[in-house]
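Chains as they are written, first to last, in our numbering: chain A, 1 to 601; chain B, 602 to 1202.
Protein chains: 2
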Amino acid sequence: MTDMRRAGRRAPSSGAPWSFPPPWVRSWQREGLAGDVSAGLVVAIMLVPQSLAYALLAGLPPQVGLMASLLPVLGYAAFGSSGALSVGPAAITSLMVAQALTPLAAPGSAAYGALAALLALGSGLLLMLMGRLRLGFLSQLLSRPVVQGFTVASALLIMAGQVAPLLGWQPGARGALDTLRVWRDHLSWQDGWPHLQLQSGDAVIGVGALVLLWVGPKWLTWLARVLGWRDSVIQIAGRLWPLAVLVLTSVGAFWLKGADLGPSLGHFFGPVALVGAVSVQLDGATQSLALAWQQPWAAWSDLLMPVLLISLLTFVSSMSVAQTFALQHGERIDADRELLGLGLANVGSAVLGGLAVSGGLSRSVVNDAAGARTPLAGVITAVILAALLFACLPWLAYLPKAALAALIIMAGVGLVQFAPLRDAWRYDRADAWAFISTALGVMLMGFEAGILLGIAWSLGAMIWRHSQPHMAEVGRLPGTEHFRNVQRYEVEQLDSILMVRVDESLDFTNIQRVELRLCELIHARGHIERIVLLLSAVNHIDHSAMQTLLELDAALADQGKTLYLAEVKGPVMDRLQSCRIDKRFEGRIFMSAQHAWDALV
Amino acid sequence: MTDMRRAGRRAPSSGAPWSFPPPWVRSWQREGLAGDVSAGLVVAIMLVPQSLAYALLAGLPPQVGLMASLLPVLGYAAFGSSGALSVGPAAITSLMVAQALTPLAAPGSAAYGALAALLALGSGLLLMLMGRLRLGFLSQLLSRPVVQGFTVASALLIMAGQVAPLLGWQPGARGALDTLRVWRDHLSWQDGWPHLQLQSGDAVIGVGALVLLWVGPKWLTWLARVLGWRDSVIQIAGRLWPLAVLVLTSVGAFWLKGADLGPSLGHFFGPVALVGAVSVQLDGATQSLALAWQQPWAAWSDLLMPVLLISLLTFVSSMSVAQTFALQHGERIDADRELLGLGLANVGSAVLGGLAVSGGLSRSVVNDAAGARTPLAGVITAVILAALLFACLPWLAYLPKAALAALIIMAGVGLVQFAPLRDAWRYDRADAWAFISTALGVMLMGFEAGILLGIAWSLGAMIWRHSQPHMAEVGRLPGTEHFRNVQRYEVEQLDSILMVRVDESLDFTNIQRVELRLCELIHARGHIERIVLLLSAVNHIDHSAMQTLLELDAALADQGKTLYLAEVKGPVMDRLQSCRIDKRFEGRIFMSAQHAWDALV
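Listed below in structure tokens is the structure:
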């Protein structure tokens, strides 16, 4: 891939986010076609088990997941700019759907499906609105520790909840407390030993699938090394392994059902819970939406907060995935175009399927590795998936639910990463606590409370940090024009002159501290006549801080001391001039610390 | 006053805020006694009309204001450190009390008095708790525009509400909507002309008092100039004028009552509303507190928010007054000691009186001008006030309510200052909008909503500003070691090297923008091989930002570009070292832009 091509694929910065066709279409070149086609095929095969499993996780019939995978990729391709991002059902989004809807309707009911479609539609429209209003910057409210803590807690909730279908308990639990209750109900103590009640047929299939999913990629890697396959082939084969496991367990369930195991063995294995006959009606989702309009107003208003959070999370997680690959390829991602693309994807899902979708990391990695360079790969995925859907639909009936649960648990394993927490703890405790408070909040109080707690914590920490500015008394490194902290360097100082550097923009949150500290420094040095405030790190002075500075200046003048300013930044100087405050400091503003030194020495 | 004395009066920084006796007692010197005594006398005389008026404003019997002026000064003197601050009933605090209690009980009832005492007690305990926990920094959440907007809106509400008692309408209105309703009720149109219904006796006394209060100080100033009095005497005489007006109007009302005006004139003047017989029971407030314990829990919880806001406002306004005088005198104010002092003052008011108190600006100005140098002046005020109270109590019965209303209106006039808004508008629109949104919020939605709106606005503006960092491509001023913005100065740049200064601490709210802007600058310059990031204005890098920087570094390396850092501040460098990130940038961190220039040229 040449630099020329990269440059051609870059979105022009002047383009409006809602311009159509998107930049990738205009700059599309034939050389990328092979990669897009192969990636489209691989991702389509990978999407089959994932979309079935995530639909179940969301409390919806499995075929909804497949249907919901068709239109979103087209919607994203219409506006989005990331070649690698694969949009479709995702684990955390599905769990958020389930948490939001379970209090409102019975999972599996028509009303539940209707509300799920409404949720996707709402998220889609909100994302598009945010894109139209260029509100992409809102995602900056979510710091990384908050997103990471949220992901870990969600993954733990997902895994704990899937133990029920894995072992054949009915119904599956949602939420931490519900999960604990289900676990307690199925655990009994006999003769001092814990005894786990399980549906043995499901448990055998489920745990078997889990083991296969776990060790399969390792065997594949070993086999591939022996056979001398290329690394990218190994990676793709590893990603397709889940489909093979699903086929294997389906065959196993089919055999168990037909085989005559004899009374004792037959009793032991019991019935295996299967997905059962599924049917796809093209107008099913539109019927869902029509039903959604008839829902009571209370249900609509209950969806507002989930819609907001799902939109925000979808945007943040998709953007971070897209950004990762864009950096690797030297591409540019336009946040507002991404919002429009993700929004249209969710509207597409609402129209056909009815499950909120997001850009998933694992699928995007495969997409990129298989050669995807433009959103065309996604279009090809959708076409292949549609063909697969209609060809293989009857076979889905034999999918064991326990195997799908195993699939979801394995997806969760990949998301539970405590390394970011460890790094944050070493780097800055405040960031680590943002991670911890978000994770605990999500697990104990639900998604909404958890994420709001995380946002509040990280913004609070930022404001706190800002309100405690670092200030340093500085002096000159002998023989240079460099001024440094007197506590860190051997520097020279002038008698009766105090030079202080303030390392933070000045505003109402910190000006009181700055004033107090300045007075302390003046008293500590003893006989000070002139004070030079170095504003090299002051990027803004708000009105409260400016008033305080002027009062301080007057008070110091009353005491026979003079306040000087140095290294005033351009934007700050502009503001001083616009209010003629520079007149008041006339002759007392120096361009640099060195100029002040020369003038006052 | 010598510098020695000033130094002696300064609070030692090592003292715990709850140490007793307070520093001013330990360092007290006899020379200041005369000033303290004269100030104590003047302020006591000034407090009489003020405390009566503010108690009425709070919906309480006037004598409560007098009682509530006795103990608070002693409480403040026990911990506080400002010599000038005069603690007692204040206009805005009283209006906040009225707004908080009117929905809960009928003004004038025993339950109302009980809740008012409870409010003072709660505020006092909360302030002391904040002092004990050293939470003085919380006041920094209130920016000046918010406090100024709050003050203006409150003063307008106070003045509008006092028109009713001024003109003899009953009862007085509280809150903007209520005031409008009362005005509408008393305004009728006759023959196309507006016709104001008024109680002519009250109106004559009220408007007369208003005119006297308005023009009196001007006459006094003129008279004093003629007689050659000193400026300080004029100022104090001006402040005592309100008491003279009250005496004058009382005599007038007394005469109107006794005089035989004949049927027509007697009908015109009608009856004048007087304060009426007042009695002071020393155990009245303790009875109020006892009654407060019997209030339902709902009333208690309704008081939580008012208690919080009154405490915060009391602290912020008192601190700003104390700080003003401390700056003038070169004193130091300890925020945590102030919290304890103000808290104990309110507890004192709750025990004897029952009206939340605060440090008032106008009284403090008089106090300072009359020579107060330590809180002893306040103690003397309390003693004189107690004597006055018992000597003159029967005479209070003849005070016309309309004259007190005129007094409150004049106090409000001094608080309505739009100059800060004009200045803020010129300086920074965001600060002006904080003023406007607070003021409108207070007037249209009440104190709580208004102040919360103001805090949210100013914090939001600060976060927004922080999330939009100023970045400048810099070059070297020829022949110097100074590096400046290429758009503001004629500077020299090196081919293939981009030097960028980021003017904000890096964190999750702005790192995405910084990354995007950096990529734009790289593309704009064309062939760039080395990028130098000047961190002279970066005071902190949080974990999100550091992760992004490391990813950016890796991505740039993939493209054959190298990222350098320069002018990394001490605290930031410490953090890089603690996580060994400096190892990753080994040889790529320069002390200054000049070092980077020399090494890369």
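We put the beta carbon where it would ideally sit given N, CA and C, even for glycine.
Between Asn510(A) and Pro571(A), is the Cβ-Cβ spacing less than 8 Å? no
Next on the checklist: What does the Cβ neighbour count give for Thr1081(B), buried or exposed, with the cut at 16 atoms within 10 Å?
Outcome noted: exposed
Next item on the list: Name the residue from Ala1031(B), Ile1056(B), Ser724(B) whose alpha carbon lies nearest to the alpha carbon of Val1043(B).
Entry: Ile1056(B)
* Residue closest to Pro897(B), alpha-carbon to alpha-carbon, out of Leu1041(B), Met1011(B), Ala715(B), Gln791(B) -> Ala715(B)
Worksheet item: What residues from chain B crowd round Gln328(A), counting only those whose CB sits closer than 7 Å?
Response: Ala1156, Asp1159
**Asked** Is Met471(A) close to chain B, meaning its C-beta is less than 8 Å from at least one C-beta of that chain?
**Response** no
Just to check my reading of the structure: Ala1200(B) and Phe1186(B) have Cβ atoms closer than 8 Å, yes? What is that Cβ distance to the nearest angstrom?
In fact, because the Cβ distance is near 14 Å, the residues do not count as touching under 8 Å.
### Query
Hey, Ile562(B) and Thr752(B): beta-carbon distance below 8 Å or not?
Summary: the structure shown does not reach residue 562(B), with chain B confined to residues 602 through 1202, and so no result is reported for it.
Taking the C-alpha atoms as reference points, what is the distance between Ser620(B) and Ala900(B)? 35 Å
For this session: List the residues of chain B whose Cβ lies closer than 7 Å to the Cβ of Phe137(A), in chain order.
Result: Ser1068
Can you tell me whether Ile92(A) sits near the ligand ADP, meaning its C-beta is under 7 Å from at least one heavy atom of the ligand? The ligand ADP is absent from the structure shown, which contains no ligand whatsoever.
Q.
For the beta strand (DSSP E) containing Ala685(B), name the first residue and the last one.
A. First-last for Ala685(B): undefined, no H or E at that position.
Q) Quick one: what's got a C-beta closer than 8 Å to Val1075(B)'s C-beta in the same chain, skipping five residues either side? A) Phe1084, Arg1085, Asn1086, Val1087, Val1092, Met1100, Val1101, Arg1102, Leu1135, Ala1194
CA-to-CA distance, Ser358(A) to Ser123(A), given in whole angstroms
10 Å
**Message:** Nearest by alpha-carbon distance to Leu1166(B): which of Trp1198(B), Arg1030(B), Asp1143(B), Met647(B) is it?
**Reply:** Trp1198(B)
So, do the region 977–987 of chain B and the region 638–658 of chain B have three or more beta carbon pairs nearer to each other than 8 Å?
yes
Report task. With DSSP collapsed to three states, give me the class of Thr609(A). Result -> This structure cannot speak to residue 609(A), because chain A is shown only from 1 to 601.
Notebook entry, point to check: What distance in whole Å lies between the Cβ atoms of Thr1039(B) and Val747(B), which are believed to be in contact at a cut-off of 8 Å?
Noted result: 5 Å
request  = Could you tell me whether the region 346–365 of chain A touches the region 20–40 of chain A, where touching means 3 or more Cβ pairs closer than 8 Å?
outcome  = no
- Query: Taking one C-beta from the region 411–431 of chain A and one from the region 443–454 of chain A each time, how about it: are there three or more such pairs within less than 8 Å?
  - Reply: no
Which residues in the same chain as Ser14(A) place their Cβ atom closer than 7 Å to its Cβ, once the five residues preceding and following it in sequence are excluded? Residue placement at Ser14(A) is flagged as unreliable, the pLDDT there being 39, under the threshold of 50; the coordinate-derived value follows with that caveat. Nothing meets the Cβ criterion.
Secondary structure of His1128(B), DSSP reduced to three states | coil
Practice item. Quick one: give me the first and last residue of the alpha helix (DSSP H) that Ser364(A) is part of. Key: 361–369
Review point. Helix, strand or coil: which one does DSSP assign to Ala936(B)?
Key: helix
In or out: Trp457(A) buried (at least 16 other Cβ within 10 Å) or exposed? buried
- Beta carbon proximity, Thr1110(B) to chain A, threshold 8 Å: yes
Under 8 Å from the C-beta of Ser578(A): neighbouring residues of chain B: Arg1027, Tyr1028
Quiz item: Between Ala845(B), Ala1004(B), Leu788(B), Gly961(B), which lies nearest to Val873(B) when the distance is taken from Cα to Cα?
Solution: Ala1004(B)
Check: According to DSSP, is Gly877(B) helix, strand or coil?
Finding: coil
- request: Sort out for me which residues DSSP pairs His195(A) with in a bridge.
  value: Ser188(A)
Sheet register partners of Arg1085(B) (DSSP bridge)
Gly1076(B)
> Is DSSP giving Ala566(A) helix, strand or coil here?
Replying inline: strand
Q. Does Gln1094(B) come within less than 8 Å of chain A when only Cβ atoms are used?
A. no
Would you call the CB atoms of Leu220(A) and Gly201(A) closer than 8 Å?
no
Minimum Cβ-Cβ distance from Asp1183(B) to chain A less than 8 Å: no
Length of the line joining the Cα atoms of Leu342(A) and Trp255(A):
42 Å
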